[in-house]
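Below is one structure, written out as structure tokens; comments come after it.
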Amino acid sequence: MSQPTVSRALRDDPRVSAETKRRVRDAANLLGYVPSDAGRALSSGRTRRIGLLLTDLSNHFYSHIISPIHRELESQGYQLMLHAEDADTELVAERLIGNGLDGVILATTTVDSVVPLRLRDRRLPFIYFNRTASVVDADATVVSATRGFEEAVRRAADLGHRRIGAVLGPENTSTAASREVALRAALAGHGLALVPELVRRGPFDTAAGDAATTSLLSLAEPPTAIFCGNDVIAYGTLNAARRLGVEVPGDLSVIGFDGLPAAGWEIIDLSTIAYDLAEMAAEAARLIVHRVENQDAPLVRTEFDTRFVQRHTLAAPR
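The sequence shown lines up with residues 1 to 318 when you count with full-length UniProt numbering.
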């Protein structure tokens with residue numbers, strides 16, 4: 001057989017008959033032949049590898065997106081390559097560009113990141129997951145926080161909460177900014193506001209939630225409810241309340257954001273603003289494949305709506 005026929009048979013090309021494919025595969029098995037990804041890349045100009053950039057691998061949130069992204073990419077014939085870095089810098093951009101990737105999913109982008117600029121300049125396709133940067137417009141999968149906060153604030157107000165606190169994420173992230181805007185708007189709809197003394201900011205991690213809540217609960221008039229920038233921060237809030245002997249709910253109500261699986265465990269039972277995180281991750285995989293294969297296509301921004309899930313940690317204040 002000719003080399004092109006063998007190549008098509010190994011790629012399961014529909015132009016090759018089933019009998020020819022069987023004969024080629026039998027011969028390949030007999031010879032112990034394994035297709036070379038490097039050889040395919042040289043021939044096609046593509047590696048079929050997609051990078052996922054994470055600069056906060058220890059955060060529980062990101063462990064829930066790797067599997068759905070991997071499954072979706074694999075179903076389309078692509079490999080997921082995880083790039084875990086300590087920072088979002090120029091050096092990271094050069095590593096991504098130099099690693100022979102067809103495209104990149106940026107999952108921990110800050111608003112002032114240089115990575116989108118460098119990827120754009122080198123024409124390496126990329127999309128934003130969850131967080132976006134204003135310096136470069138690109139395909140994105142993001143969360144619309146409005147509805148979830150409206151439902152959560154309505155429930156908290158109906159229960160009688162008036163002194164509302166918040167532990168928000170870092171100011172250089174689009175997610176922290178959009179969630180703060182949605183929370184303030186929802187509170188204003190009920191004649192409530194976030195007063196500066198009841199607002200804390202920090203990283204999206206448990207330690208930040210613990211430290212911020214410890215500070216808020218030391219006030220002469222602490223909040224009766226705390227809205228957290230994400231579920232991971234809320235876990236720290238619950239830890240601080242337990243350590244300080246503050247009863248949740250009753251003395252303090254706690255509301256998270258993201259709807260992570262652990263938030264529903266009976267030992268945590270966290271009230272939270274949730275959305276379909278797995279589908280959002282799968283959509284990110286579909287978007288980057290579409291961008292790789294259609295680089296001149298119009299940009300796509302997919303928004304995932306939120307809903308409030310009430311559990312044990314929200315009740316009327318004492």
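All residues carry an ideal CB built from backbone N, CA and C; glycine is no exception.
Just so you know, these numbers come straight off a predicted model, no measurement behind them.
> What's the gap between the Cα of residue 205 and the Cα of residue 230?
Replying inline: Mapped onto the sequence shown, residue 205 falls at position 205. Mapped onto the sequence shown, residue 230 falls at position 230. Rounded to the nearest angstrom, the two C-alpha atoms are 8 Å apart.
> Taking contact to mean at least 3 C-beta pairs separated by less than 8 Å, is the region 141-153 in contact with the region 276-286?
Replying inline: yes
> The beta strand (DSSP E) spanning residue 61 covers which residue range?
Replying inline: Sequence index remark: in the sequence shown, residue 61 carries index 61 (1-based). Residue 61 -> not in any beta strand (DSSP E); alpha helix (DSSP H) instead, spanning 60-75.
> Does the Cβ-Cβ distance between residue 309 and residue 273 come in under 9 Å?
Replying inline: Here residue 309 refers to the residue found at position 309 of the sequence shown. Here residue 273 refers to the residue found at position 273 of the sequence shown. Cβ distance < 9 Å, so residue 309 and residue 273 count as in contact.
> residue 173 CB to nearest chain B CB: under 9 Å?
Replying inline: Chain labels in this structure do not include chain B; a single protein chain is all it has.
> Looking only at its own chain, which residues have a Cβ that is under 8 Å from the Cβ of residue 169, when we skip the five neighbours before and after it?
Replying inline: The residue you call residue 169 lines up with position 169 of the sequence shown. The residues are 175, 176, 179, 201, 202, 203, 204, 229, 230 and 233.
> When you compare each of 238, 135 and 16 to residue 250 by their alpha carbons, which one comes out closest?
Replying inline: Taking the first residue of the sequence shown as position 1, residue 250 is located at position 250. Residue 238 is the option with its Cα nearest to residue 250.
> Quick one: what's residue 149 bridged to in DSSP?
Replying inline: On the sequence shown, residue 149 is found 149 positions in, with the first residue counted as 1. The partner list for residue 149 (beta bridge, DSSP) is empty, contrary to what the question assumes.
> For the candidate residues 289, 227, 136 and 243, whose alpha-carbon lies nearest to that of residue 164?
Replying inline: Position 164 of the sequence shown, counted from the first residue, corresponds to residue 164. It is 227 whose Cα lies nearest to the Cα of residue 164.
> Taking 8 Å as the cut-off, is the CB of residue 226 close to at least one heavy atom of the ligand FMN?
Replying inline: No copy of the ligand FMN occurs in the structure displayed, which carries no ligand at all.
>> Quick check: what's the CA-CA separation for residue 303 versus residue 166?
In response: Looking up residue 303 in the sequence shown gives position 303. Looking up residue 166 in the sequence shown gives position 166. Rounded to the nearest angstrom, the two C-alpha atoms are 24 Å apart.
> Does the Cβ of residue 209 have 16 or more other Cβ atoms within 10 Å, making it buried, or fewer, making it exposed?
Replying inline: Within the sequence shown, numbered from 1, the residue matching residue 209 stands at position 209. Per the 10 Å Cβ criterion, buried.
> From residue 319 to residue 296, what does the alpha carbon distance come to, in whole angstroms?
Replying inline: Because the chain here runs from 1 to 318, residue 319 falls outside it and cannot be looked at.
> Do you know offhand how far residue 161's Cα is from residue 263's?
Replying inline: Here the question's residue 161 lines up with position 161 in the sequence shown. Here the question's residue 263 lines up with position 263 in the sequence shown. Rounded to the nearest angstrom, the two C-alpha atoms are 22 Å apart.
> For residue 20, which residues from the same chain have a beta carbon less than 8 Å from its beta carbon, with the 5 sequence-adjacent residues on both sides left out?
Replying inline: Looking up residue 20 in the sequence shown gives position 20. Once the five neighbours on either side are set aside, the close Cβ partners of residue 20 are 1, 5 and 9.
> Does the Cβ-Cβ distance between residue 114 and residue 89 come in under 9 Å?
Replying inline: As a working note, residue 114 is residue 114 in the sequence shown. As a working note, residue 89 is residue 89 in the sequence shown. Against a cut-off of 9 Å, the Cβ pair of residue 89 and residue 114 comes out as a contact.
>> Whole angstroms are fine: how far does the CA of residue 51 sit from the CA of residue 41?
In response: On the sequence shown, residue 41 is found 41 positions in, with the first residue counted as 1. On the sequence shown, residue 51 is found 51 positions in, with the first residue counted as 1. Interpretation of residue 41 is limited by its pLDDT of 49, a score under 50 that renders its predicted location unreliable; the figure taken from the coordinates is listed afterwards. Each residue's Cα considered, the two are about 16 Å apart.
> Got a sec, what are the start and stop residues for the beta strand (DSSP E) residue 54 sits in?
Replying inline: Within the sequence shown, the letter at position 54 stands for residue 54. Start and end: 49-54.
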